[in-house]
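A short write-up of the structure that comes next.
There are 2 protein chains.
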Amino acid sequence: MSRAFNFNAGPAALPEVVLLEAQKHLLNFNGTGMSVMELSHRSKDYEEVHNSAQSQLRKLLQIPDNYEILFVQGGASLQFSMVPMNLLSEDKTGYYVLTGAWSEKALKEAQKVGNTKILASTKEENYRSIPQLDLDLLQEDAAYLHITSNNTIYGTQWQSFPDLKVPLIADMSSDILSRPLDISKFGLIYAGAQKNLGPSGVTVVIVKKDLISEPLDHLPTMLNYQTFSKNNSLYNTPPTFAIYLLKLVLDWVENEGGLAALERKNIEKAKYLYDAIDESDGFFKGHASKESRSNMNVTFTLPTEDDTKNFLDAAKKQGFIGLNGHRSVGGCRASIYNAVPLEHVQRLAEFMKTYR
Amino acid sequence: MSRAFNFNAGPAALPEVVLLEAQKHLLNFNGTGMSVMELSHRSKDYEEVHNSAQSQLRKLLQIPDNYEILFVQGGASLQFSMVPMNLLSEDKTGYYVLTGAWSEKALKEAQKVGNTKILASTKEENYRSIPQLDLDLLQEDAAYLHITSNNTIYGTQWQSFPDLKVPLIADMSSDILSRPLDISKFGLIYAGAQKNLGPSGVTVVIVKKDLISEPLDHLPTMLNYQTFSKNNSLYNTPPTFAIYLLKLVLDWVENEGGLAALERKNIEKAKYLYDAIDESDGFFKGHASKESRSNMNVTFTLPTEDDTKNFLDAAKKQGFIGLNGHRSVGGCRASIYNAVPLEHVQRLAEFMKTYR
């Protein structure tokens, strides 16, 4: 059976070895005679999966001991609310950098909770780049600064992260695990799993313990980070199968050589496509400014909308999946997350050249 | 490979044919060369799964057209908050019937949102039965009446449902699909999937449309039922694999003959265990009053705590999984949801007799 050339933006390609492992044990995990899905979330067998996913993530990202790793449901979209509900008090302000549609949504949810300010935005230039920050604008009232580290729709990515005196909060849904990270720069990181971490249905939250030490008993129990930290994310039944897949993906990342090795591979993969764009004499036009280009999502257009449509049709016929740009902006987008094989990217780059 | 005798309370046993089907296509769903987990949630292939899960559920439960079927994350525990946030206005009161720990939790979350009253409770008798309701106590201020249709921890189940003038809200996490239901009696039904519907990670909400017609834009987007109803539960990425499994379980229910057939089978299964209790001359003692007995969770104790412990140890050695009572009450509990085969229940009943 041949694997599809899957360039979906998320849910996205998973490592073949992960799927083969899950398939092999789907009816009999660890000799139990049960699927992982059928295990009690209080059983020793499941708790080993759960704890191993956490410790493996801690190892790969070198997460210090003063950070908690939580497994939450609801996707990044629920984090847009949980972050301000937990971290934004009445006398404080949540600062936001707008770099795309997801940052806008995060801001919109925070506005329902408390005071917010936009520190910087590249909306006026259709989110082609990551803005320079004037950190002097971060006033003393700042509860935190929220950013979106990679913008799937526009194909931009933060190349480095600022050192702040207030907690830096990052939505890393679409580039977590794509490169090494200095966790100590961040107060809280969250990521829906369905790009680099696993299947949809689980959201990883990495949070500095002192940020969630205050009791917030007025909050709905399931929206309080303390509920998750105090109960090892087992207050109620977690999405056990999604966490099992997450664990398998993390094992795969380790086998690939860890984050430094993945970063090299991701740079190489992205270069194939950006070269195909840059060497096309303007036939393919990248959406993102060069200095803000994402190694996860490569966005481009052709000279006319008809050209773009014809290209997408031809690519589809060749078996390339998921190259349509997000329905809100159009154009083309190739999502090349960790699990997309180099050979598939090379094949796409070849196709782009041949098509031209 | 032999299947375990799985009496877990949830996550629980799934039908073997469902797991075999999922296993077979895990790397290549519908000839796509991708796993269901790797499909875009906006793709035709996935949307067919999604819509088919809804229409299959509508057919099996005979859900009228004026009800929506929503797929939410966060488990029943998040519904404890979403129900009052969406349905309880300032001048109204949410009425609750307490029949166990889960009803108590539902009430506790509602108390954070607005006015509540307890209509009836069997807490004083350690939740051995479902109370008679004095419906005259339901005042004009009632926004709704909330019940828990089956109480996993105590092994009690509502045998019939009242006709009310206000919306009846039911947490059916542990007995949905176990018997035919007159949906028109209910305003809203919710159920975490991990007992009778599928794996953990998706929660089904069935709600009368006119109950969620008012705009509630102040709510977090992900906690507003309208977000789900207006976007066919595709506002953000849903837990696609869990919904796929749900769909396979629903197909299995249809192949089993539908809900009437399952109800007959569930009564038969439960009778084996209740007979083993009732014919034991008091050696096994059922926790639930006979008229409130659950066909999903059979709870019992032995003469002394040591006896109970010895029985559980012996059962474990014989390969019976998950017979320990909930950590909050102790004793023994056999959960015999739809997917637990009759033969496994017969085997347990035999073991109980032999052990005595």
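For the protein sequence lines, the chains are A and B, in the order given. Using UniProt numbering, read the first sequence as starting at 1 and increasing by one per residue. Using UniProt numbering, read the second sequence as starting at 1 and increasing by one per residue. Heads up, the beta-carbon is just placed ideally off N, CA and C, and yes, glycines get one too. None of these values were measured; they are calculated from a predicted model.
Query: Proximity winner among A:G198, A:Q23 and A:G33, relative to A53 of chain A (alpha-carbon distances); Result: A:G198
Query: Residues, ordered as in the chain, of the segment 32-52 of chain A that lie near chain B by beta-carbon distance below 7 Å; Result: T32, G33, M34, S35, M37, E38, L39, S40 and H41
Query: Limits of the beta strand (DSSP E) - the one that I118 of chain B falls within; Result: N115 to S121
Query: Candidates A:L312, A:Y337 and A:L348: closest to N151 of chain A by CA position; Result: A:Y337
Query: Buried or exposed (CB count within 10 angstroms, at least 16 for buried), G31 of chain B; Result: exposed
Query: Length of the line joining the Cα atoms of G286 of chain A and V249 of chain A; Result: 31 Å
Query: Proximity winner among A:E214, A:S160 and A:N266, relative to L196 of chain A (alpha-carbon distances); Result: First, the amino acid is wrong: residue 196 of chain A is Asn here, not Leu. If we check each option's Cα against that of N196 of chain A, A:N266 comes out closest.
Query: Cβ-Cβ separation, T237 of chain B to G325 of chain A (assumed contact under 8 Å), whole Å; Result: Not really, about 17 Å apart at Cβ, beyond 8 Å.
Query: Chain A within 8 Å of R3 of chain B, Cβ atoms only; Result: yes
Query: Where V329 of chain A falls: helix, strand or coil (DSSP); Result: coil
Query: Beta-carbon gap between P239 of chain B and Q73 of chain B smaller than 8 Å; Result: yes
Query: Chain A contact for K112 of chain B (CB, 8 Å cutoff); Result: yes
Query: Test item: CB-CB of D175 of chain A and Y190 of chain A under 8 Å; Result: no
Query: Start-to-end residues for the alpha helix (DSSP H) that takes in V253 of chain A; Result: T240 to N255
Query: Host alpha helix (DSSP H) of A349 of chain B (start-end); Result: L342 to Y355
Query: Supposed close pair T99 of chain B, I130 of chain B - CB separation, criterion 8 Å; Result: 6 Å
Query: Candidates B:E268, B:K290 and B:E38: closest to D278 of chain B by CA position; Result: B:K290
Query: Identity of the residues DSSP links to A170 of chain B by a beta bridge; Result: B:I147 and B:I189
Query: Whether S328 of chain A touches G10 of chain A by CB criterion (8 Å); Result: no
Query: Assigned secondary structure, E124 of chain A (DSSP; H/G/I helix, E/B strand, else coil); Result: helix
Query: Y96 of chain B and T116 of chain B closer than 8 Å at C-beta; Result: yes
Query: DSSP three-state assignment for G286 of chain B, whether helix, strand or coil; Result: strand
Query: Beta strand (DSSP E) segments (min. 3 residues) lying fully within the segment 68-99 of chain B; Result: 93-98
Query: D307 of chain A versus I118 of chain A: straight-line alpha-carbon distance, rounded; Result: 37 Å
Query: Buried versus exposed call for S184 of chain A [16 or more other C-beta atoms within 10 Å across all chains shown]; Result: exposed
Query: Simplified DSSP state of N30 of chain A, which is helix, strand or coil; Result: helix
Query: Three-state class that DSSP yields for Q157 of chain B in the structure shown; Result: strand
Query: Contacts of L26 of chain A in chain B (Cβ-Cβ under 8 Å); Result: L19, A22, Q23 and L26
Query: Given 8 Å, three or more beta-carbon pairs between the segment 70-86 of chain B and the segment 203-223 of chain B; Result: yes
Query: R42 of chain A - DSSP class collapsed to helix/strand/coil; Result: coil
Query: At least three beta-carbon pairs within less than 8 Å, the segment 10-27 of chain A to the segment 14-26 of chain B; Result: yes
Query: Proximity below 8 Å, CB of L188 of chain B to CB of L211 of chain B; Result: yes
Query: Chain B residues whose Cβ lies nearer than 7 Å to that of G322 of chain A; Result: S40
Query: Sequence-distant residues of the same chain with beta carbon closer than 7 Å to V345 of chain B, five excluded per side; Result: K269, Y272, L273 and I336
Query: Cβ-based burial, K59 of chain A [other Cβ within 10 Å; buried from 16]; Result: exposed
Query: Unbroken alpha helix (DSSP H) run spanning N295 of chain B, endpoints; Result: First-last for N295 of chain B: undefined, no H or E at that position.
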